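J.: Start counting the sequence shown at 32; every next residue gets the next number (the working numbering). All C-beta atoms in this analysis are idealised placements derived from N, C-alpha and C, irrespective of residue type, glycine included. Please read all numbers here as calculations on a predicted model, not as lab measurements.
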Amino acid sequence: MALIFWRILFGPGDLVAIFPIRTFGDPVLSIKTKPVKRFDDPLRRLSEDMIETMYEAPGVGLAAPQIGVAKRMFVFDVGDGPEVMVNPKLVESSGAWEYQEGCLSVPGHYFLISRPAFARAIGQDLDGQPIEFAGDELLGRVLQHEIDHLDGRLLLTRLPPAQRSEVYSELQNPPSAR
32 MALIFWRILF GPGDLVAIFP IRTFGDPVLS IKTKPVKRFD DPLRRLSEDM IETMYEAPGV
92 GLAAPQIGVA KRMFVFDVGD GPEVMVNPKL VESSGAWEYQ EGCLSVPGHY FLISRPAFAR
152 AIGQDLDGQP IEFAGDELLG RVLQHEIDHL DGRLLLTRLP PAQRSEVYSE LQNPPSAR
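1. VAL122 and ARG151 - do their beta-carbons sit closer together than 8 Å?
2. Taking the alpha carbon of LEU157 as the reference point, which residue from PHE55, PRO138, GLY183 and ASP72 has its own alpha carbon closest?
3. Out of ILE153, ILE52, SER196 and ARG195, state which residue places its alpha-carbon closest to the alpha-carbon of SER124.
4. Taking the alpha carbon of ARG103 as the reference point, which residue from ASP182, ARG53, LEU187 and GLN175 has its own alpha carbon closest?
5. What does the alpha-carbon distance come out to for the pair GLY166 and ALA95?
6. Classify ILE144: buried if its beta carbon has 16 or more other beta carbons within 10 angstroms, exposed otherwise.
7. Check whether the Cβ of ILE52 lies closer than 8 Å to any Cβ atom in chain C.
8. Could you check whether LEU186 and ASP179 sit closer than 8 Å to each other, using their CB atoms as the reference points?
9. Following the continuous beta strand (DSSP E) through ALA165, name the residue where it begins and the one where it ends.
10. Starting from ILE52, follow the alpha helix (DSSP H) in both directions and report where the run begins and ends.
11. Any contact between the stretch 103 to 119 and the stretch 85 to 94? By contact I mean 3 or more CB pairs, one from each, below 8 Å.
12. Smallest Cα separation from ASP111: which of GLU197, ASP57, PRO191 and PHE164?
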């Protein structure tokens, strides 16, 4: 298993894991995740570790597959504090917004991606209770981006075919490997 870094937060004994982030080419990023069925302390712990990993990266969102866990959940923070969404489903989207988008699993690359400007997602919180997040621009984009991860899709699938082929080729054969 990949090396896990530990950090002490808030005092003795309160350890949080910082996981390595899986990157392009890792098979776990292509797997459609399974719904979470158990809402328990290990799930809470996983969410805390994911939040710390997201902040350490740094990023505004992190899906479980990005740390090698095939659970249908993600964490995000668009400026209002960390949030966790379990078993999310995109139920509404509208408009269009083209914007530079990056991904922790494709480090150092940003792409002009067109997505709906508004998105609404329903899911569950860490207690299994229904929750909903809806927003435009950044929040809408984060919801869509993270749900894509849970469905086994990287943002590269949103690129036009010619650009996607070029980027795949570059990522599979980086200049340092040539």
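T.: Once the coordinates are examined:
1. yes
2. ASP72
3. ILE153
4. ASP182
5. 22 Å
6. buried
7. Protein chains in the displayed structure number just one, and chain C is not present.
8. yes
9. 161 to 167
10. Unbroken run through ILE52: none, as it is neither H nor E.
11. yes
12. PHE164
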